[in-house]
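Number of protein chains: 4
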Amino acid sequence: MGPDPVHLNFASDNVMGASAPVLEALVRASVGAMPAYGADDLTVEVERSFCDLFEREVAVFLVGTGTAANALALATLVSPWGLCLCHEEAHVIDEECGAPEFFTHGAKLHGLKGVGCKIDPATLRATLDGFSAHEKQMPAQAVSISQATESGLVYRPDEIAAIAEVCRERALRLHMDGARFANALVAQDVSPAAMTWRAGVDILSFGATKNGCLAAEAIVVFDPSLADTLTYRRKRSGQTFSKGRFLAAQFAGYLGQDHWLQNARHANAMARCLADGLAAVPGVRLAWEVQANEVFLIIPDDLDRRLKAGGAAYHPWSPRALSADEGVAPGEKLIRLVASFATKREAVDDLLTVASGP
Amino acid sequence: MGPDPVHLNFASDNVMGASAPVLEALVRASVGAMPAYGADDLTVEVERSFCDLFEREVAVFLVGTGTAANALALATLVSPWGLCLCHEEAHVIDEECGAPEFFTHGAKLHGLKGVGCKIDPATLRATLDGFSAHEKQMPAQAVSISQATESGLVYRPDEIAAIAEVCRERALRLHMDGARFANALVAQDVSPAAMTWRAGVDILSFGATKNGCLAAEAIVVFDPSLADTLTYRRKRSGQTFSKGRFLAAQFAGYLGQDHWLQNARHANAMARCLADGLAAVPGVRLAWEVQANEVFLIIPDDLDRRLKAGGAAYHPWSPRALSADEGVAPGEKLIRLVASFATKREAVDDLLTVASGP
Amino acid sequence: MGPDPVHLNFASDNVMGASAPVLEALVRASVGAMPAYGADDLTVEVERSFCDLFEREVAVFLVGTGTAANALALATLVSPWGLCLCHEEAHVIDEECGAPEFFTHGAKLHGLKGVGCKIDPATLRATLDGFSAHEKQMPAQAVSISQATESGLVYRPDEIAAIAEVCRERALRLHMDGARFANALVAQDVSPAAMTWRAGVDILSFGATKNGCLAAEAIVVFDPSLADTLTYRRKRSGQTFSKGRFLAAQFAGYLGQDHWLQNARHANAMARCLADGLAAVPGVRLAWEVQANEVFLIIPDDLDRRLKAGGAAYHPWSPRALSADEGVAPGEKLIRLVASFATKREAVDDLLTVASGP
Amino acid sequence: MGPDPVHLNFASDNVMGASAPVLEALVRASVGAMPAYGADDLTVEVERSFCDLFEREVAVFLVGTGTAANALALATLVSPWGLCLCHEEAHVIDEECGAPEFFTHGAKLHGLKGVGCKIDPATLRATLDGFSAHEKQMPAQAVSISQATESGLVYRPDEIAAIAEVCRERALRLHMDGARFANALVAQDVSPAAMTWRAGVDILSFGATKNGCLAAEAIVVFDPSLADTLTYRRKRSGQTFSKGRFLAAQFAGYLGQDHWLQNARHANAMARCLADGLAAVPGVRLAWEVQANEVFLIIPDDLDRRLKAGGAAYHPWSPRALSADEGVAPGEKLIRLVASFATKREAVDDLLTVASGP
């Protein structure tokens, strides 16, 4: 651990704390006695608010981490001997230390190639066609997409629907990892319903931590038949919080008065500023279009050195999801910068000043 | 869900919110950027503070729930084909929907009888003697004790050491479920070290949620060789929080300035008031001695009705751990009342008023 | 390992080899090329023969061991967080090193008391009534009974139906561990159908190894909806044999011309001889009635010594399932002797000679 | 299921039955009483014979299927959150319906590219270099190689040693899937020791089923510390056969008087005849060199049709492991033919006659 660059920290959206309305709701919820384990009124109220948000009956399971939300959701879709297809750089396959394998009791994630970490329906179909029907082959049972993707791109509802159509053809279920659901939503002029169940999504990991909560995610189940087991799965995985009110309170603060949408709009706007400013620096180009709150850039090594010397924090990134006509040349680096609800305009400006050089 | 009896709610210590210093620490910790996933300075500092608390090097893993803490701890001690012995009414065997079985990948909890939910070394030895050495028998690998027990009793260090001696004889590991560690500690004039590793405990679930936190537990590992796998086990179980600062902050508020001990002393004192007041009501007797913050009473049915009519909330309880010369007669009920850091003296008095009748 | 007492070996029915018709069928099946993994004609034919045997459509899965048959069968009935109730001395809970926990991914076996290792419907009901409906409690999902029981007793069809009725009331599934199915069947004048699905059994472990095969068991599924997952479960557990013909061939030899029933009748008759002869020895009494091929006796220590000195092999046994008015006094031992298809009348006579003393 | 082409069946080596010495040993072993569960003298003797065979102390665990042998072996090397690297077409990753994932409780197999299904040390090193050291990344813990490979190639001892050196550098364990161990052995003039532990192999799945047994595989453990858990793992996975003598007897017949080596030499010779004869047919070329008992050919579509019309059975194959300068053109097919101990010279001749056309 070197010195922690607080001001210019674009390493991830989870390097920031929680937003004020969320903290206030938390403090408010602490008063008095309430039933434990999510049987309190606040939890019930928050669960209902998801029905309003998605314009239909949904089953909602609040949990503490995105890893748990994803792994629990996948466990409802895939049997221990089943396959779930996802992009080869999906968070679930690459960043969760085998949580899906643990929660599903051994299911396998099968990675697909795709530009911008997007799954292409044609690739999906071709992959499924290549599988044997023999029992030696773990049968494909689900597809998981990330919204926004690990390259910061956003699936449009029609793109989701196209994937969902392949799923229906092959009797697969569709999961959406919505760790950056809010950012993807405000990037498009669509409703939560349009971006999920109306397009064919069966179950959603609704992320809230990155966008302003402390530790709060919701599993939103659109097909009620999938909800049956989650009460038990959540409990036995240690994700049923005894003082359930504190998960609910975060959502109350987060969803109330469109606070979550404002947070996401701010993050996306800051990412746009970062992208515009940095793309204007000589030798810099965007790896993928900036559609939500993440900026992926191919930069010259000397800019990389200058940014780091200036105290900027960000991560190098994998070039695997670049398009065929793009690449990282010798003397270049592919990097990711993430803006969040708490990213200050001054931090962006300061970074751009560092980038523009002496 | 009937009406929620806020004022006279003695159902559990987890029906209360969080205490003010914990909430304040949480709000304070929210400012600025910090590395994610527990690499922040606050987490490192809190982890160090456990070394001070226990007067030795320990490995510490912060998690969100007691179920996760227990199940992760047991998974480090017991292989998937191993047995862990505990009291037949232990929380781990009876209240966690199979979380230990999930985290250990199939280990079995073997319940022992014992008055007041305490494990007796002689019973432990006799049970182990009765096991076959053949591979058909899952081999015993660990013992888990609850401090305080599920009957509200406290193991003295010498009692723990006697159990640990059996463990050493048989090459078993010893886990302590310290969901009410603070209450058990202040009930005796001993140090955390004396009540754990000096008496032979290998790994501890250090509870903080019930005694004033929102959702914060620590796995404290006294044998460093047991810590090797927990980094991965915690991550893949969805218990590594991305904004790790918020788990750490709760502990900073909780442990600072002996706040946790004050909370526990208050809870124990309130339990004492409840016990003294109710035991004086005709027909009422204590099921087990009140040593920490739980009160178990055998009461006449009409008192049970009167208390409920007065709005009191508490749970009926199992008579299995009563001593041989005690029992619940027809027309009687065994009930549990729990006091917490947030239990008000007036609530106790009001309950006693209800109990004393019209 | 001391010297192996071949002649007077009554330790178990699995200390014997395979019967001639089974070996002959095996040798016959070895000729020529056949599709692998159970797609051969012989396997298909044997699977069909189970439909005839049980007078209805059944799904059949051949496997190599009884442990695998039981564990795979239970895994179709119980989810990873579910409970299966069985007798506290059932083979599945006591003798399989946690195989059910492994194959079910963590389900729990809950042991019931009962004389002669039989489950009593009233005990079953009372136990279920004592469970909480809260998610902290692993929900009961199945019952497993052993036919014959671990005390050598046989469930009559009406007794099975009474247990099945409780199962229906509580939406539980019913499994029969038929490791000694043949012995139980010929002990009564009933059909395989009457002793299983007509009485309410959902899935059966049809044992053949103990009664004359080398290593062959069949999972017989009466509810087709339960068969869906077994193709995959069997394959991933390494129980789908590549040269599947050799499992099928054993059954062809076993089931053909009522060979299995003859084997069982012989074993039961030899057990009867053992029981009659030994019960006539002064100081000896039956622990439980001899109904199939196992003999449980309470004998004086000096007889135990005499038998062992004479080279007899048998196992001491647990007294837990004795009736309330029976017990093992100081100076006595509870022992089990098992007769098999291969037990010779001379061996029985020789044992009785040893028993009758000098 | 179409008609079963017995005579020209080259679909796999497991379409054949068992060889006569194996069957004879089985029948011989059936006589008399023996201790169950592998405690019999024959099993002990066979286990000792592996020590002679490998010129050192080894721990041996007999099981019924290759899937079980591989999955149990990998489970001793890889923790539930660990990675095992293998070729992307390895049997363990592609053909076992997730058995390794089941037995390891969720470990992941990571597939590497490589010509002829061989792992290249440079590829292995580069892949390991690309992994993150962060806990989000499942840590690499083992490598599994197939001998012979899924393309029918054989690793020389020095090639194995080169892979083992990478393993030592990175603290990985090395597993060999020896489903066709005998064929790979006789293809080279080396000893079993040279091809395994002397080259750095930690644990071996010693296949015997394909080369003449009915259903018998051995897990051979070279590092004694890895054997500790296998007694329990085998039992709880239903692979500890009650009449253990019958697994042992197969090995007695198989290993005695070099029968296994003769079987393998015959199979390899038949593969050589097939390859020589078919490669001479116009338009046919070898996909990979024929080194053991499998023949991979790229053939014109019309030859494929002619062979099938003539009753030949074989499988189409994946071109993924072809070298960069080879490929399957339109109008061509890649096929696999397998010879076994039971393949008759006349069958080979008849196939060649069919291939040479009318």
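Protein chains in written order, with the numbering used here: chain A, 12 to 369; chain B, 12 to 369; chain C, 12 to 369; chain D, 12 to 369. Ideal Cβ placement from N, Cα and C applies to all residues, glycine included. Predicted model, so just to flag it, every value in this text is computed and none were measured.
Classify residue i as buried or exposed, calling it buried when 16 or more other Cβ atoms lie within 10 Å of its own Cβ.
i, result
"residue 56 (chain B)", "exposed"
"residue 69 (chain B)", "buried"
"residue 158 (chain B)", "buried"
"residue 42 (chain D)", "exposed"
"residue 338 (chain A)", "exposed"
"residue 343 (chain D)", "buried"
"residue 143 (chain B)", "exposed"
"residue 146 (chain C)", "buried"
"residue 316 (chain D)", "exposed"
Using a Cβ cut-off of 7 Å, pull out every chain D residue sitting near residue i, in sequence order please.
i, result
"residue 91 (chain B)", "116"
"residue 246 (chain B)", "146 and 147"
Nearest-angstrom Cα distance between residue i and residue j?
i, j, result
"residue 327 (chain C)", "residue 54 (chain B)", "57 Å"
"residue 47 (chain C)", "residue 305 (chain A)", "52 Å"
"residue 253 (chain A)", "residue 192 (chain C)", "47 Å"
"residue 361 (chain B)", "residue 350 (chain B)", "14 Å"
"residue 76 (chain C)", "residue 247 (chain D)", "11 Å"
"residue 185 (chain C)", "residue 134 (chain C)", "16 Å"
"residue 23 (chain C)", "residue 202 (chain B)", "55 Å"
"residue 250 (chain B)", "residue 259 (chain B)", "13 Å"
"residue 130 (chain B)", "residue 175 (chain A)", "55 Å"
"residue 105 (chain A)", "residue 79 (chain A)", "15 Å"
"residue 287 (chain D)", "residue 154 (chain D)", "34 Å"
"residue 101 (chain C)", "residue 98 (chain A)", "47 Å"
"residue 357 (chain B)", "residue 200 (chain B)", "28 Å"
"residue 367 (chain B)", "residue 233 (chain A)", "52 Å"
"residue 208 (chain A)", "residue 169 (chain A)", "12 Å"
"residue 117 (chain A)", "residue 115 (chain D)", "8 Å"
"residue 32 (chain C)", "residue 224 (chain C)", "9 Å"
"residue 9 (chain A)", "residue 149 (chain B)", "Residue 9 (chain A) lies beyond the range of chain A shown here (12 to 369); nothing can be said about it."
What in chain C is Cβ-close to residue i, meaning under 9 Å?
i, result
"residue 243 (chain A)", "90, 91, 92, 93, 146, 149 and 150"
Since I believe residue j is in contact with residue i (beta carbons under 8 Å), could you give me their beta-carbon distance rounded to a whole number of angstroms?
i, j, result
"residue 126 (chain B)", "residue 334 (chain B)", "5 Å"
"residue 205 (chain A)", "residue 181 (chain A)", "So it is not a contact: roughly 24 Å between Cβ atoms."
"residue 44 (chain C)", "residue 365 (chain D)", "Not confirmed; about 16 Å, so no contact."
"residue 220 (chain D)", "residue 229 (chain D)", "With a Cβ gap of about 11 Å, residue 220 (chain D) and residue 229 (chain D) do not count as contacting."
"residue 324 (chain B)", "residue 19 (chain B)", "6 Å"
"residue 371 (chain A)", "residue 171 (chain A)", "This structure does not reach residue 371 (chain A), given that chain A is present from 12 up to 369, and the question cannot be answered."
"residue 103 (chain A)", "residue 302 (chain A)", "Actually they are not in contact, since the Cβ atoms of residue 103 (chain A) and residue 302 (chain A) sit about 21 Å apart, beyond 8 Å."
Just to make sure I have the definition right: I need the residues of chain B whose C-beta is within less than 8 Å of the C-beta of residue i. Which are they?
i, result
"residue 108 (chain C)", "92, 146, 147, 148 and 149"
"residue 41 (chain A)", "28, 29, 34 and 225"
"residue 38 (chain A)", "34 and 38"
Listing by chain order, which chain A residues have their CB less than 9 Å from the CB of residue i?
i, result
"residue 113 (chain D)", "91, 92, 116 and 117"
**Report entry** Meets three-Cβ-pair contact criterion under 8 Å: the segment 82 to 97 of chain C and the segment 107 to 119 of chain B
**Finding:** Of all C-beta pairs linking the segment 82 to 97 of chain C to the segment 107 to 119 of chain B, three or more are shorter than 8 Å, placing the two stretches in contact.
Query raised in the report: Within the chosen definition, does the segment 188 to 205 of chain A reach the segment 147 to 162 of chain A through at least 3 CB pairs nearer than 8 Å?
Result: Three or more Cβ pairs closer than 8 Å define a contact, and the segment 188 to 205 of chain A meets that threshold against the segment 147 to 162 of chain A.
Query raised in the report: For the segment 311 to 323 of chain A against the segment 284 to 301 of chain A, are there 3 or more C-beta pairs whose distance is under 8 Å?
Result: Touching, yes, given that three or more Cβ pairs across the two stretches are closer than 8 Å.
Query raised in the report: Using 8 Å as the Cβ pair cut-off and three pairs as the minimum, do the segment 21 to 40 of chain C and the segment 258 to 277 of chain C touch?
Result: Touching, yes, given that three or more Cβ pairs across the two stretches are closer than 8 Å.
**Report entry** Cβ contact check for the segment 59 to 67 of chain D and the segment 114 to 126 of chain D: 3 or more pairs under 8 Å
**Finding:** They do not touch, by the three-pair rule.
Query raised in the report: With contact counted as at least three CB pairs below 8 Å, one residue from each stretch, are the segment 232 to 244 of chain B and the segment 276 to 294 of chain B in contact?
Result: No: the two stretches stay apart, fewer than three of their Cβ pairs being nearer than 8 Å.
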